[in-house]
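To keep things clear, I will list the structure first and then write my remarks on it.
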């Protein structure tokens, strides 16, 4: 039984923070790299597909009232299967948090703390997120309500403040490197909708489970629009993408914002906002992992695990040898990882469980038919 | 934040089951839903006519005023002598609101004492005129009328009214009059015997307003309850007595409006007040610390006010007030973050004015909490934020300062706190002088001596002014203390330190509850904010009470409150 549940707005914000946070790092550039100038069409295309997938997840989850994927996997394959699936999702949340944390801290180190070891920066984040995670999922969701609008505001601000630096002709050729590249290879950009994975775990947390459909559709559409803004900023500002600084392309665009002679270098304020966003992202990931752990182990007080989870994230974060390795993990491996866990594993379990349920619903009827025939 | 290293280590290596006191304010089952849905508000008028039987009237008044729990409502039964006959009677008044001398000498004494004029047979009718025709005597007599007799002969009061329904009589009682009920009469007397005990009318010293009333609470609890009665003017206001402190047995008054306030909230406040085991309780400040949910971040979780109008505003909004004898402050509970940035004057001003001022106060809170920290962070880590000319000017001003920025700012902030504390302690005529000497002379001297830079003086001054703009003293104090933490974080890690500190601060703030109500309500969670938005709508749009209080009457005014505008001729 979840002690304190979250309302619909909080739930939307939780899904969005997981979806939107990667945009701070190299996600927009990775998206553009796949399809080049057709990225805007591609984003609209993958958003439509993501909405369809989200609706499919909602339909599949609906049959299990307010159960999450852990309960569904228990129904499908028993306790051991539940533990395996739970562990996979815990690893997914912890590993993705670690990679993002490492990359963001590397960026912070490059920009502001060249003399400081990245370990200290990561450690500061770990302490903060552990203290915050201890307060519960509901608290993490409430803080997120304050933090997430800042992220959206920051991106909109960058967009509108940079509009005079835009070269709108960068959109041409409108189909980039071809139809196939835009619509087939570009399907890989679905990995940008990582927030979908949270949908599997939301039902038990919701005060109003009947709003699940609203949450599903709203979050996917907002995430799509947000991504459209993010990629537009980079696409319209930089003709030759290879020349763009690899360290947080959005951060790079903030350097071009100028308001007269007084405000010429506002990028620190954006970093300030993004530090809050990353902290919120990791807090929610830790807390979700703790809730999953609670489900698979029946532990009474899951709060005692918070430092253990923090240490795991810390250990995974410092594991990559250097920034190049961690960047490769975040930009390349992460999308496969997301595809595997968010879409393949999650939807696969739900489809199988739905089959099982339908079969078990039909079984008694068949028996009756057989008896009548006899 | 109270950090205990031992507990920290313990929490890592040991298992401690959760022992959290978790009270949530649930919806009251007695919610007046009709009131929510209907366009017109239910009229609270009690049109019941006064009964002839005094015992029925007595029971009615006892129920109406909840005399079993209402400590300040006095019902005095006695026998009234009129024309040699005796009648059962009683008077009702509110202790603390009437002049006892007047009551004894000019109401009870004439009604109870036997005197010569009052001894003759009451059954005798007064002969007005007499005529005899054909041995038949025709007399015109005036029958004895007890109600007239009491009014004209027994009660030597200048202001007395005969009232036939309970609504009017209750209104009189609530405003400090005394009600007299006599057996056999289906009317009651509303006798003016007002006599509030109060110190000379003084302006509130800490919560000054421009357009509102200028009265403040005093130390006497009865005077304070009478102020609440007078301002609220409703018999639905319940004032319960609770004694706290095994030695001092300090009288506390738990006040709420019976037909508005959520029953769970009342029960919870009562439960906490009744379960305090202390020797002594001498102020509302002590009580506040004894009944709050948690002490995380040291944020105030109960509003404290010296203004009766503010207290009554909150009472009628569905909150609970606690008064402590000997303390000129009322405690208002539950309280949320945005309450601490509101001023009693907000509701007296036009919404655009008050919302502008509210915005200024939010800015002041941010300045108080973060400006010195930001200054340290920017000058230490993020110099690129400053325009080159300004950066040069700051560097030039710091050229002669031998100390690091952290030492410089802590020196000035602590000096400022010293000046403020000294200003409070010294006799009032010297107080402002200390402020001027401290701020101007000392600051100027420090700059001339090269101890601090002039820019820093500006930063500290703006921060200080910001802290004075916070209406609530406790909340301002909390921000003043917390800013030292952000200064240190800014010095250690620049924006990274401040952002992470702010994140933890926000996390703890959102976790706090005040009597079951989330502290950051309005900001987060975003829902459930009907009637309690930080920014005020126009008066005619303030239809609802704050929904988070789950009051029995969610609506407080009609959808169309300015009826005069919509009436067709």
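Protein chains in written order, with the working numbering: chain A, 1 to 374; chain B, 375 to 943. Yeah, the Cβ is synthetic: ideal placement off N, Cα and C, and Gly gets one too. Computed from a prediction, not measured in an experiment: that's the story for all the values here.
For residue 356 of chain A, decide whether its Cβ has a neighbour in chain B, counting only Cβ atoms nearer than 8 Å. Not closer than 8 Å to any Cβ of chain B, the Cβ of residue 356 of chain A fails to qualify, so no.
Pairwise C-alpha distance: residue 931 of chain B and residue 724 of chain B: The C-alpha of residue 724 of chain B lies about 18 Å from the C-alpha of residue 931 of chain B.
State the Cα-Cα distance for the pair residue 898 of chain B and residue 465 of chain B, rounded to the nearest angstrom. Rounded to whole angstroms, residue 898 of chain B to residue 465 of chain B spans 51 Å at the Cα level.
Work out the CA separation of residue 434 of chain B and residue 441 of chain B for me, nearest whole Å. Those two C-alpha atoms are separated by around 11 Å.
Would you say residue 604 of chain B and residue 469 of chain B are within 8 Å of each other, going by their C-beta atoms? Against a cut-off of 8 Å, the Cβ pair of residue 469 of chain B and residue 604 of chain B comes out as no contact.
Amino acids of chain A, ordered along the chain, whose beta-carbon sits closer than 8 Å to that of residue 881 of chain B: Within chain A, the residues near residue 881 of chain B are 131, 132, 135, 139, 140, 143 and 283.
Listing by chain order, which chain A residues have their CB less than 7 Å from the CB of residue 738 of chain B? None at all; the shortest Cβ gap to chain A is about 19 Å.
Within 10 Å of its beta-carbon, does residue 463 of chain B have 16 or more other beta-carbons around it, so buried, or fewer, so exposed? Answer is buried; the Cβ neighbour count reaches 16.
Do residue 840 of chain B and residue 741 of chain B have their C-beta atoms closer together than 8 Å? Yes, the pair counts as a contact, with Cβ atoms nearer than the cut-off.
Quick one: Cα of residue 743 of chain B to Cα of residue 780 of chain B, how far? Cα to Cα, residue 743 of chain B sits roughly 16 Å from residue 780 of chain B.
Residue environment, residue 645 of chain B, which counts as buried when at least 16 other CB atoms sit within 10 Å: Exposed.
Which of helix, strand or coil DSSP assigns to residue 411 of chain B: At residue 411 of chain B the pLDDT is 48, less than 50, meaning the model places this residue with poor confidence; the figure from the coordinates comes in the next sentence. Helix, per DSSP.
Just mark residue 74 of chain A as buried or exposed, buried being the case when its beta carbon has 16 or more other beta carbons within 10 Å. Label assigned to residue 74 of chain A: buried.
Give the DSSP bridge partners of residue 454 of chain B, in chain order. For residue 454 of chain B, DSSP records a beta bridge to B:461.
Three or more C-beta pairs under 8 Å: does that hold for the region 96-115 of chain A against the region 322-329 of chain A? Three or more Cβ pairs drawn from the region 96-115 of chain A and the region 322-329 of chain A lie within less than 8 Å of each other, which places the two stretches in contact.
Chain A beta carbons: is any one of them nearer than 8 Å to that of residue 761 of chain B? So yes, residue 761 of chain B belongs to the interface.
Report the three-state DSSP secondary structure of residue 288 of chain A (helix, strand or coil). Of the three classes helix, strand and coil, the one that applies to residue 288 of chain A here is helix, per DSSP.
Return helix, strand or coil for residue 383 of chain B, following the three-state DSSP convention. Looking at residue 383 of chain B - three-state DSSP - the assignment turns out to be helix.
Beta-carbon within less than 7 Å of residue 378 of chain B's beta-carbon, same chain only, minus the 5 sequence neighbours each way: which residues are those? None.
Integer-rounded CB distance, given that residue 205 of chain A should sit under 8 Å from residue 6 of chain A: Yes, residue 6 of chain A and residue 205 of chain A are in contact; Cβ-Cβ is about 5 Å, under 8 Å.
Integer-rounded CB distance, given that residue 736 of chain B should sit under 8 Å from residue 889 of chain B: Between residue 736 of chain B and residue 889 of chain B the Cβ distance is about 24 Å, and since that is not below 8 Å, they are no contact.
Three or more C-beta pairs under 8 Å: does that hold for the region 303-318 of chain A against the region 178-186 of chain A? No, the region 303-318 of chain A is not in contact with the region 178-186 of chain A.
Would a C-beta distance cut-off of 8 Å place residue 739 of chain B and residue 715 of chain B closer than the cut-off? Note that the C-beta distance between residue 739 of chain B and residue 715 of chain B is below 8 Å.
Please classify residue 87 of chain A as buried or exposed, where buried requires at least 16 neighbouring CB atoms within 10 angstroms. Counting Cβ neighbours within 10 Å, residue 87 of chain A comes out exposed, since fewer than 16 surround it.
Mark residue 418 of chain B as exposed unless 16 or more other C-beta atoms lie within 10 angstroms of its C-beta, in which case mark it buried. Since pLDDT at residue 418 of chain B reaches only 47, below the 50 mark, its modelled position is unreliable, and no value is offered.
Per DSSP, which residues does residue 444 of chain B bridge with? Please list them. Beta-bridge pairing by DSSP links residue 444 of chain B to B:614.
Here's the rule I'm using: 16 or more other beta-carbon atoms within 10 Å means buried, otherwise exposed. How should residue 97 of chain A be labelled? Buried, by the Cβ-count rule.
Beta strand (DSSP E) containing residue 139 of chain A: first to last residue? Annotation: residue 139 of chain A is outside any beta strand (DSSP E); the continuous alpha helix (DSSP H) that includes it extends over 137-161.
Buried or exposed by the 16-neighbour rule on C-beta atoms within 10 Å, applied to residue 693 of chain B: Counting every other CB atom within 10 Å of its CB across the protein chains shown gives residue 693 of chain B a total of 16 or more, marking it as buried.
Are the C-beta atoms of residue 213 of chain A and some chain B residue less than 8 Å apart? Output row for residue 213 of chain A: interface = no.
Interface partners of residue 265 of chain A on chain B, CB under 8 Å: Within 8 Å Cβ-Cβ: 758 and 759.
Output the distance between the C-alpha atoms of residue 563 of chain B and residue 925 of chain B, rounded to the nearest integer angstrom. Between residue 563 of chain B and residue 925 of chain B, the C-alpha separation is close to 35 Å.
Assuming contact is defined by CB atoms lying nearer than 8 Å, are residue 624 of chain B and residue 656 of chain B in contact in what I supplied? Taking 8 Å as the cut-off, the beta carbon of residue 624 of chain B is found closer than this to the beta carbon of residue 656 of chain B.
First through last residue of the alpha helix (DSSP H) which encompasses residue 660 of chain B: Its alpha helix (DSSP H) spans residues 658-665.
How about residue 96 of chain A: is its C-beta nearer than 8 Å to some C-beta of chain B? Contact of residue 96 of chain A with chain B is not assigned, every C-beta pair being separated by 8 Å or more.
Could you give the residue range of the beta strand (DSSP E) that holds residue 324 of chain B? The question about residue 324 of chain B has no answer, for chain B in this structure spans 375 to 943.
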